[in-house]
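There are 2 protein chains.
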Amino acid sequence: MSAPASPIPGRRVTINDVAALAGVSKGAVSIAFNNRPGVSPTTRERIFTAARELGWSPNQTARNLSGRRTGIVGLALCRPARLLGLEPFYMEFISGIEDVLAERSCSLLLRLVRDLEEECALYEEWWRSRTVGGAILVDFHRDDPRIRRLRALGMPVVAVGHPSLTGGFPSVWTDDASAAAEAVRYLAALGHRRIARVGGPAGLGHSGIRAAAFEATMAELGLDGRRQVATGFVGEEGARATRSLLTAPERPTAIVYDNDIMAVAGAAVAAEMGLAVPDDLSLLAWDDSQLCRLTHPPLSAMSHDVHQFGEQVARTLFGVIEGTHTGPNQVPTPSLTPRGSTGPPRRT
Amino acid sequence: MSAPASPIPGRRVTINDVAALAGVSKGAVSIAFNNRPGVSPTTRERIFTAARELGWSPNQTARNLSGRRTGIVGLALCRPARLLGLEPFYMEFISGIEDVLAERSCSLLLRLVRDLEEECALYEEWWRSRTVGGAILVDFHRDDPRIRRLRALGMPVVAVGHPSLTGGFPSVWTDDASAAAEAVRYLAALGHRRIARVGGPAGLGHSGIRAAAFEATMAELGLDGRRQVATGFVGEEGARATRSLLTAPERPTAIVYDNDIMAVAGAAVAAEMGLAVPDDLSLLAWDDSQLCRLTHPPLSAMSHDVHQFGEQVARTLFGVIEGTHTGPNQVPTPSLTPRGSTGPPRRT
DNA sequence: AGCCAGTCGTGAACCGGTAAAGTGCTGATT
DNA sequence: AATCAGCACTTTACCGGTTCACGACTGGCT
Numbered sequence: 001m002s003a004p005a006s007p008i009p010g011r012r013v014t015i016n017d018v019a020a021l022a023g024v025s026k027g028a029v030s031i032a033f034n035n036r037p038g039v040s041p042t043t044r045e046r047i048f049t050a051a052r053e054l055g056w057s058p059n060q061t062a063r064n065l066s067g068r069r070t071g072i073v074g075l076a077l078c079r080p081a082r083l084l085g086l087e088p089f090y091m092e093f094i095s096g097i098e099d100v101l102a103e104r105s106c107s108l109l110l111r112l113v114r115d116l117e118e119e120c121a122l123y124e125e126w127w128r129s130r131t132v133g134g135a136i137l138v139d140f141h142r143d144d145p146r147i148r149r150l151r152a153l154g155m156p157v158v159a160v161g162h163p164s165l166t167g168g169f170p171s172v173w174t175d176d177a178s179a180a181a182e183a184v185r186y187l188a189a190l191g192h193r194r195i196a197r198v199g200g201p202a203g204l205g206h207s208g209i210r211a212a213a214f215e216a217t218m219a220e221l222g223l224d225g226r227r228q229v230a231t232g233f234v235g236e237e238g239a240r241a242t243r244s245l246l247t248a249p250e251r252p253t254a255i256v257y258d259n260d261i262m263a264v265a266g267a268a269v270a271a272e273m274g275l276a277v278p279d280d281l282s283l284l285a286w287d288d289s290q291l292c293r294l295t296h297p298p299l300s301a302m303s304h305d306v307h308q309f310g311e312q313v314a315r316t317l318f319g320v321i322e323g324t325h326t327g328p329n330q331v332p333t334p335s336l337t338p339r340g341s342t343g344p345p346r347r348t
Numbered sequence: 001m002s003a004p005a006s007p008i009p010g011r012r013v014t015i016n017d018v019a020a021l022a023g024v025s026k027g028a029v030s031i032a033f034n035n036r037p038g039v040s041p042t043t044r045e046r047i048f049t050a051a052r053e054l055g056w057s058p059n060q061t062a063r064n065l066s067g068r069r070t071g072i073v074g075l076a077l078c079r080p081a082r083l084l085g086l087e088p089f090y091m092e093f094i095s096g097i098e099d100v101l102a103e104r105s106c107s108l109l110l111r112l113v114r115d116l117e118e119e120c121a122l123y124e125e126w127w128r129s130r131t132v133g134g135a136i137l138v139d140f141h142r143d144d145p146r147i148r149r150l151r152a153l154g155m156p157v158v159a160v161g162h163p164s165l166t167g168g169f170p171s172v173w174t175d176d177a178s179a180a181a182e183a184v185r186y187l188a189a190l191g192h193r194r195i196a197r198v199g200g201p202a203g204l205g206h207s208g209i210r211a212a213a214f215e216a217t218m219a220e221l222g223l224d225g226r227r228q229v230a231t232g233f234v235g236e237e238g239a240r241a242t243r244s245l246l247t248a249p250e251r252p253t254a255i256v257y258d259n260d261i262m263a264v265a266g267a268a269v270a271a272e273m274g275l276a277v278p279d280d281l282s283l284l285a286w287d288d289s290q291l292c293r294l295t296h297p298p299l300s301a302m303s304h305d306v307h308q309f310g311e312q313v314a315r316t317l318f319g320v321i322e323g324t325h326t327g328p329n330q331v332p333t334p335s336l337t338p339r340g341s342t343g344p345p346r347r348t
């Protein structure tokens, strides 16, 4: 009885073994393990005991095949692997997702793809094969081709991005436009008139939104909003963009960045060019990972709890999967966290 | 013929539909799609055409169930989600893995677990259920309990860690001991005599190896190697450890860190305490992500291409899965990359 | 013509579960 | 006593593939 039930090596334990040991049919075992009504408490207990003794638990693959939902959530990322490692954003985002998934014993299936076409094909296969129970879509572009292709699929999906970009998919988003406007107004209030922005790739939806809001707010304040550079989101490019902004005639006295890694790179460039932060140059980061607190002076940032953002995305996805979801889902707008890197410009 | 083959909505296309359209049995379709001998080139072509027309591809879940290997690789991480996002290491490591997986159209299944017990149970389930074709084990401890439990499973596995820790599993590792020794010798050669080390958690295998090598090398050089602090690998703790080292009597003139995020935090502490780097204090990071190049002065580091490390791990795992693997697999030893944060101590 | 080997393809069993229909029994209702 | 609802299981038919034993046909050889 209490012998450490040694299954015959080589053959795996299946539901049949459990059924045999418990003296019931495999249907009964299935009923018990899905706790549906249909077996008596006594039998149920006997079944669980047998399963425990054999160390059996249901084979997920077989379960999925016969129509049950899998606990795996898919995430395809369309960008070069090398770049991925450079951005703190993704790992924090993923960690937030994982936090919620782990609560429910779910896992995240991660895959890098080369282009959106491959991404669509992948989702189609994942869904057809019941490999995933739902997916998280990120990095929306304007008129994103995934919208049409994936809508037809009927796969539970949550889109990360502003509703204007995500084509009716349940979405989670932050109000980037307001945040960008706030950033500009804050710097203007400090007395800056030449404010620049180092943004992400032009095609990317949220970069576009921030760029537009930046320009609009600058215009509203009667300032020239054309000092914007689009980059690929990595430090090197942030540094390059910063150098080019700072060496241009009429150089800016403040720069807003689209993430924190570029802002840190910008701070290094300032130091290298002998500019004092914030006296000669104010720097404002975005996303605010711990990086911002580690530099000297610490970077002011449009703070944004990316981990919690990921959590919200995962929770929304579960809502969609379970059919209890409710429209777009806005998470807190990035808020200004002033630290040492922003201040009034030096009087000329 | 060329009509955009509209499958009946609601019902998915299966191998049977393809077989029917091609006028063969489903066995033949299977043979064709696994390109095994048994069908004539003509029939084969007819089958492929039918499949293309219906937009069919084999259901991976069903395939897995009937014994084929899945293209999914498992990775369980045993640490709080919040911490995960703070370490550049993991995302870079994962990006390296993904790079190799993507080449072969494989995905990474990621899961956070609370403890090693849960991790073992997870791997057992993944393997039993054929959810994964193999797994990557990280963060080995001394006498790691996973070794015994997983050996019995027979699952293809690659262990990340020194062979002395990974209990005979195929492993990928860097020579941390030599690297730690080199770090110490370098600082000693610059004239430092009070060298401290801010390390990772004491229980963690590679932290232990570095700690031992640090102490041994210090002893060899006739120096006091007891200035070591164990932390949890995050910036805050690195800062705290640095402060406590710097406020102790006989404060060190050089500190070696176990990763880069703590080194950056250390640099900020130095600045905050008004210590000049490297004149008053030399700082040496480990792992060398782009962070090290973004601070001012840039941080010297024991450089280590983490992305490539991840790639090598994935490649080794495929070797194990395909049965072509060959013993432990050492990747390049972290090498000293001097930048601005290390120099001779100021003469007292 | 008769035999054999080789190729092409079929059919059924199987992977390990789920779900719906079916069976036998108990006890309450009329 | 007959009817019938409800429970506790069992049976059977899937899910969508793979695999393997076997049959039909072809062609070469004696």
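Listed in order, the protein sequences are those of chains A and B.
Residue numbers for the first sequence follow the UniProt record's numbering, so the first one is 1 and each next one is one higher.
Residue numbers for the second sequence follow the UniProt record's numbering, so the first one is 1 and each next one is one higher.
Even glycine gets a Cβ: it sits at the ideal position worked out from N, Cα and C.
What you are looking at is a predicted structure, and each value in this text was computed from that prediction instead of being measured.
| query | result |
| --- | --- |
| Taking three-plus beta-carbon pairs below 8 angstroms as touching, is the segment 96–105 of chain A in contact with the segment 39–47 of chain A? | no |
| Listed in chain order, which residues of the segment 242–270 of chain B have Cβ atoms closer than 8 angstroms to some Cβ of chain A? | 261, 264, 265, 267 and 268 |
| Give a yes or no on whether the minimum CB-CB distance between residue 92 of chain A and chain B is below 8 angstroms. | yes |
| Can you check which of these residues, A:85, A:289, A:78 and A:209, is closest to residue 113 of chain A by C-alpha distance? | A:78 |
| Only counting runs of 3 or more residues, tell me where the beta strand (DSSP E) segments fall wholly within the segment 167–199 of chain B, in order along the chain. | 171–173 and 195–199 |
| By Cβ distance, which residues of its chain are closer than 7 angstroms to residue 209 of chain A, with the 5 residues on each side in sequence left out? | 162, 176 and 177 |
| Taking residue 279 of chain A as the query, report the chain B residues whose CB atoms sit under 7 angstroms from its CB, ordered along the chain. | Within 7 angstroms Cβ-Cβ: nothing; residue 279 of chain A doesn't reach chain B, min ~16 angstroms. |
| Measure the beta-carbon distance from residue 66 of chain B to residue 59 of chain A and round it to whole angstroms, keeping in mind my assumption that it falls under 8 angstroms. | About 12 angstroms separates the two Cβ atoms, so there is no contact after all. |
| Of all the residues that make up the segment 31–62 of chain A, which are near chain B by a beta-carbon distance shorter than 7 angstroms? | 57, 59, 60, 61 and 62 |
| Take the Cβ of residue 249 of chain B as the centre, count every other Cβ of all protein chains shown within 10 Å, and call the residue buried at 16 or more, exposed below. | exposed |
| What's the call for residue 282 of chain A, buried or exposed, on a 16-neighbour Cβ count within 10 Å? | buried |
| Going by beta carbon distance, what residues of the same chain come within less than 6 angstroms of residue 270 of chain A, once the five residues before and after it are set aside? | 277 and 281 |
| Quick check on residue 132 of chain A: does DSSP put it in helix, strand or coil? | coil |
| Is any beta-carbon of chain A found at less than 8 angstroms from that of residue 16 of chain B? | no |
| Quick one: residues in its chain with C-beta nearer than 7 angstroms to the C-beta of residue 31 of chain B, no 5 flanking neighbours on either side, listed in chain order? | 38 and 39 |
| Is the beta carbon of residue 334 of chain A less than 8 angstroms from the beta carbon of residue 159 of chain A? | no |
| Does the Cβ of residue 342 of chain B lie closer than 7 angstroms to at least one heavy atom of the ligand GTP? | The ligand GTP is absent from the structure shown, which contains no ligands of any kind. |
| Run through DSSP, which three-state label would residue 302 of chain A get? | strand |
| Taking residue 50 of chain B as the reference, which of B:234, B:295, B:25 and B:299 has the closest Cα? | B:25 |
| With DSSP collapsed to three states, give me the class of residue 247 of chain B. | helix |
| Taking the alpha helix (DSSP H) that residue 217 of chain A falls in, what are its first and last residues? | 205–220 |
| Counting only Cβ-Cβ distances shorter than 7 angstroms, please list the residues of the segment 99–110 of chain B near chain A, keeping chain order. | 99, 102, 107, 108, 109 and 110 |
| CA-CA distance, residue 18 of chain A and residue 132 of chain A? | 28 angstroms |
| Rounded to the nearest angstrom, how far is the Cβ of residue 13 of chain B from that of residue 55 of chain B, given a contact under 8 angstroms? | 6 angstroms |
| Kindly give me the distance between the Cβ atoms of residue 80 of chain A and residue 261 of chain A, rounded to whole angstroms, as I take these residues to be in contact under 8 angstroms. | About 15 angstroms; that fails the 8 angstroms criterion. |
| Quick check on residue 145 of chain B: buried or exposed, where buried means 16 or more other Cβ atoms within 10 Å of its Cβ? | exposed |
| Assuming residue 107 of chain B is part of the beta strand (DSSP E), what are its boundary residues? | 107–112 |
| Using C-beta distances below 6 angstroms, list every residue in its chain close to residue 338 of chain B, excluding the 5 sequence neighbours before and after it, in chain order. | 300 |
| For residue 243 of chain B, collect the residues of the same chain with a Cβ closer than 7 angstroms to its Cβ; drop the 5 residues on either side in sequence, then sort them by chain order. | 269 |
| Report the three-state DSSP secondary structure of residue 6 of chain B (helix, strand or coil). | Confidence at residue 6 of chain B is low in this model, with a pLDDT of 44, below 50, so the placement of that residue should be treated as unreliable; the coordinate-derived value is given next. Residue state, collapsed to three classes: coil. |
| Check residue 286 of chain A in the structure and name its three-state DSSP category. | strand |
| Please state the DSSP three-state secondary structure of residue 16 of chain B. | helix |
| Cβ atoms of residue 235 of chain A and residue 264 of chain A: under 8 angstroms apart, would you say? | yes |
| Please return the same chain residues whose Cβ sits closer than 6 angstroms to the Cβ of residue 291 of chain A, not counting the five positions on each side in sequence. | 260 and 264 |
| DSSP three-state call for residue 343 of chain B: helix, strand or coil? | coil |
| Under DSSP, the beta strand (DSSP E) around residue 335 of chain B begins and ends at which residues? | 335–337 |
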